[in-house]
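Residue numbers (the numbering used here), protein chains in the order written: chain A, 6 to 338; chain B, 4 to 333.
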């Protein structure tokens, strides 16, 4: 397991108190695994992704550990973290299209960045050129300014720069969100290509778009209100989700060819709880159609089937009555 | 590229024509008559004598013909670099202006350039150091908001009248003739300092506050965040932010330098400093058409040339402007 995250907590400091955006999450990502991270807006997925590389002003590492390639990643220590950025952890940010300095040529900016990280630009230039060609950008892109490229081209340039030093962990934050469908597919395939070529070991693809994950992700992790809801391989999440939240999330996806009057789109009624003072017990309880008394206690994130972890009392109950014997609690550890 | 500059030059020529026409029209729209003000200087008791003199003077200054003739004469003069004779100084306008220009340039160019350089530096530093920010920002606002006249009077009162460190007015001691000798130069420097300081302080506040805000903005942009999350050094992020923040400041500098030729009226009036600003003041109070037109023409040319230079400089500094030359829209 190249990335292990153990009880990680990342809070936002606000005037009204601490917002527990990521509140004790534990999971791991294997070598060569592309893990999709999905959930509604405000569920903490972007905070988790960004927190693994750069804690901005108001973000605070409140507890837990991150282990990368067997070594602790000091995410709370900005100074110690600096040497890991780009080299072992890297990110393709949400704003990838505007991530490049508008007044510097792309090659020059990359050279400046690498130089400030103590890397000799000339030594990676050949590889840089190769990868620029790989993602389908013209060779002269290094000599161009960002505004001379289209949004999609800028995003691809950002992807190449972010992965140039072959990081062990790549975080793609809402990378496909602003793209049209065919470009989404191309970007998704780029993630797979980068993984297959060994440019990156593990990848986290953060999105609210489950359909793109179904195509490119090996596993999908669903978050809800700062906690983990469900994790399984992509096909299982799509075809056989156990958590009622995942089920409703999938049900709210539109289907091509279906008319609204035949099958009206269902959303999830209600809104996620405030993370300033999250409710006790299962956080999805108020919106859950199958909630019962036990849900006032916090459900454990357990492995009900091999590789399929869920945090839901109902799912645990169903599995127990199906198997006639209790599933090993906490086996997911 | 050629088309870009051709379009620019046409724009400049049209602007010059319109601005110069307005420059001619505005003094003529002023109520009153410069000839009468001119004759008021003399004690003329007889009415016939007055009318005869008025006729002669009007003819001498060329204001006895219809307005359209005067307008054509004016353009004719402009093309021959002849702006007529000043009523106030009874000397050719070009000559009067040439005497005032060195004072204005010596006063304003150092004040503007120095305040620009220091203001940008200190503003950029304030953008990232809280303590400095808490000092620079209020002082900057104070100076920037202070009216030129008030600040000039305050400086004049404390440093000249009270402490007697500097002379309170004029461009040099009246007893010393203008010339290249140490006595004059030293006297000129002492007279120069207070007007310089008041212009410097006001402009400094403006540059520093502008730069502080621009740098803060640049440090929050996406490219700065991206560089930080990839572990780029603070130095690199700041260098990029500074470089990009300085662009709008630069066009501000060009405009400030463009109007330099107009002098700084308030400061020059307060200190009785014999620059172009003071001259404008005198020309207006004497309704001196020709002098006013001449000085304004100077300002028009100055602003246009400064704008043209900055247009070219921007193309060299900010690659984004090059896009507009090829006709594309960003």
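Glycine included, every Cβ here is placed at the ideal spot set by N, Cα and C.
Just to confirm before moving on: does the CB-CB distance between residue i and residue j stay below 8 Å?
{"i": "residue 60 of chain A", "j": "residue 80 of chain A", "result": "yes"}
{"i": "residue 257 of chain A", "j": "residue 247 of chain A", "result": "no"}
{"i": "residue 214 of chain A", "j": "residue 181 of chain A", "result": "yes"}
{"i": "residue 36 of chain A", "j": "residue 167 of chain A", "result": "no"}
{"i": "residue 275 of chain B", "j": "residue 172 of chain B", "result": "yes"}
{"i": "residue 205 of chain A", "j": "residue 175 of chain A", "result": "yes"}
{"i": "residue 250 of chain B", "j": "residue 119 of chain B", "result": "no"}
{"i": "residue 314 of chain A", "j": "residue 306 of chain A", "result": "yes"}
{"i": "residue 3 of chain A", "j": "residue 64 of chain A", "result": "Because residue 3 of chain A is not part of the residues shown, which for chain A are 6 to 338, the question remains open."}
{"i": "residue 114 of chain B", "j": "residue 202 of chain B", "result": "yes"}
{"i": "residue 208 of chain B", "j": "residue 147 of chain B", "result": "yes"}
{"i": "residue 110 of chain A", "j": "residue 148 of chain A", "result": "yes"}
{"i": "residue 311 of chain B", "j": "residue 41 of chain B", "result": "no"}
{"i": "residue 24 of chain A", "j": "residue 13 of chain A", "result": "no"}
Considering only DSSP beta bridges, list what residue i is partnered with.
{"i": "residue 232 of chain A", "result": "A:229"}
{"i": "residue 17 of chain A", "result": "A:24 and A:64"}
{"i": "residue 95 of chain B", "result": "B:88"}
{"i": "residue 99 of chain A", "result": "In DSSP, residue 99 of chain A forms no bridge with anything."}
{"i": "residue 213 of chain A", "result": "Answer by DSSP bridge pairing: none, since residue 213 of chain A is not bridged."}
{"i": "residue 4 of chain A", "result": "Beyond the ends of chain A as shown, which are 6 and 338, falls residue 4 of chain A; an answer cannot be given."}
{"i": "residue 32 of chain A", "result": "A:10"}
{"i": "residue 86 of chain A", "result": "Paired residue(s): none; residue 86 of chain A is not in a bridge."}
{"i": "residue 62 of chain B", "result": "Answer is none; residue 62 of chain B lacks a bridge partner."}
{"i": "residue 383 of chain A", "result": "Residue 383 of chain A lies beyond the range of chain A shown here (6 to 338); nothing can be said about it."}
{"i": "residue 70 of chain A", "result": "A:11"}
{"i": "residue 194 of chain A", "result": "In DSSP, residue 194 of chain A forms no bridge with anything."}
{"i": "residue 321 of chain B", "result": "DSSP, once it has assigned bridges, lists no residue as partnering residue 321 of chain B."}
Alpha carbon to alpha carbon, how far is residue i from residue j?
{"i": "residue 336 of chain A", "j": "residue 224 of chain A", "result": "Low confidence applies here, because residue 336 of chain A scores a pLDDT of 47, under 50, leaving its location unreliable and the question unanswered by this model."}
{"i": "residue 259 of chain B", "j": "residue 267 of chain B", "result": "11 Å"}
{"i": "residue 216 of chain A", "j": "residue 313 of chain B", "result": "51 Å"}
{"i": "residue 237 of chain B", "j": "residue 183 of chain A", "result": "30 Å"}
{"i": "residue 179 of chain B", "j": "residue 227 of chain B", "result": "58 Å"}
{"i": "residue 58 of chain A", "j": "residue 225 of chain B", "result": "16 Å"}
{"i": "residue 84 of chain B", "j": "residue 272 of chain B", "result": "28 Å"}
{"i": "residue 87 of chain B", "j": "residue 21 of chain B", "result": "20 Å"}
{"i": "residue 217 of chain B", "j": "residue 247 of chain B", "result": "9 Å"}
{"i": "residue 240 of chain A", "j": "residue 43 of chain A", "result": "14 Å"}
{"i": "residue 45 of chain B", "j": "residue 93 of chain B", "result": "14 Å"}
{"i": "residue 261 of chain B", "j": "residue 49 of chain B", "result": "48 Å"}
{"i": "residue 210 of chain B", "j": "residue 29 of chain B", "result": "32 Å"}
{"i": "residue 229 of chain A", "j": "residue 280 of chain A", "result": "11 Å"}
{"i": "residue 163 of chain B", "j": "residue 169 of chain B", "result": "5 Å"}
{"i": "residue 86 of chain A", "j": "residue 50 of chain A", "result": "21 Å"}
{"i": "residue 290 of chain A", "j": "residue 143 of chain A", "result": "52 Å"}
{"i": "residue 173 of chain A", "j": "residue 196 of chain A", "result": "13 Å"}
{"i": "residue 1 of chain A", "j": "residue 252 of chain B", "result": "Beyond the ends of chain A as shown, which are 6 and 338, falls residue 1 of chain A; an answer cannot be given."}
{"i": "residue 155 of chain B", "j": "residue 10 of chain B", "result": "43 Å"}
{"i": "residue 58 of chain B", "j": "residue 263 of chain B", "result": "38 Å"}
{"i": "residue 3 of chain A", "j": "residue 268 of chain A", "result": "Lying before the first or after the last residue shown, residue 3 of chain A is absent from chain A, which here runs from 6 to 338."}
{"i": "residue 62 of chain A", "j": "residue 135 of chain B", "result": "20 Å"}
{"i": "residue 31 of chain B", "j": "residue 108 of chain B", "result": "28 Å"}
{"i": "residue 306 of chain B", "j": "residue 12 of chain B", "result": "14 Å"}
For the putative contact between residue i and residue j, defined by C-beta atoms under 8 Å, what is the C-beta separation to the nearest angstrom?
{"i": "residue 89 of chain B", "j": "residue 293 of chain B", "result": "6 Å"}
{"i": "residue 177 of chain A", "j": "residue 27 of chain A", "result": "So it is not a contact: roughly 18 Å between Cβ atoms."}
{"i": "residue 47 of chain B", "j": "residue 143 of chain B", "result": "Residue 47 of chain B to residue 143 of chain B, Cβ: 55 Å. No contact."}
{"i": "residue 209 of chain A", "j": "residue 40 of chain A", "result": "5 Å"}
{"i": "residue 90 of chain A", "j": "residue 222 of chain B", "result": "That pair is no contact at about 18 Å."}
{"i": "residue 193 of chain A", "j": "residue 160 of chain A", "result": "About 12 Å separates the two Cβ atoms, so there is no contact after all."}
{"i": "residue 104 of chain B", "j": "residue 279 of chain B", "result": "7 Å"}
{"i": "residue 110 of chain B", "j": "residue 19 of chain B", "result": "Wrong, their Cβ atoms sit about 26 Å apart, outside the cutoff."}
{"i": "residue 140 of chain A", "j": "residue 164 of chain A", "result": "7 Å"}
Please classify residue i: is it buried, with 16 or more other beta-carbons within 10 angstroms of its beta-carbon, or exposed?
{"i": "residue 318 of chain A", "result": "buried"}
{"i": "residue 189 of chain B", "result": "exposed"}
{"i": "residue 125 of chain B", "result": "buried"}
{"i": "residue 88 of chain A", "result": "exposed"}
{"i": "residue 18 of chain A", "result": "exposed"}
{"i": "residue 27 of chain B", "result": "buried"}
{"i": "residue 325 of chain A", "result": "exposed"}
{"i": "residue 77 of chain B", "result": "buried"}
{"i": "residue 52 of chain B", "result": "exposed"}
{"i": "residue 175 of chain B", "result": "buried"}
{"i": "residue 108 of chain A", "result": "buried"}
{"i": "residue 195 of chain B", "result": "buried"}
{"i": "residue 236 of chain A", "result": "buried"}
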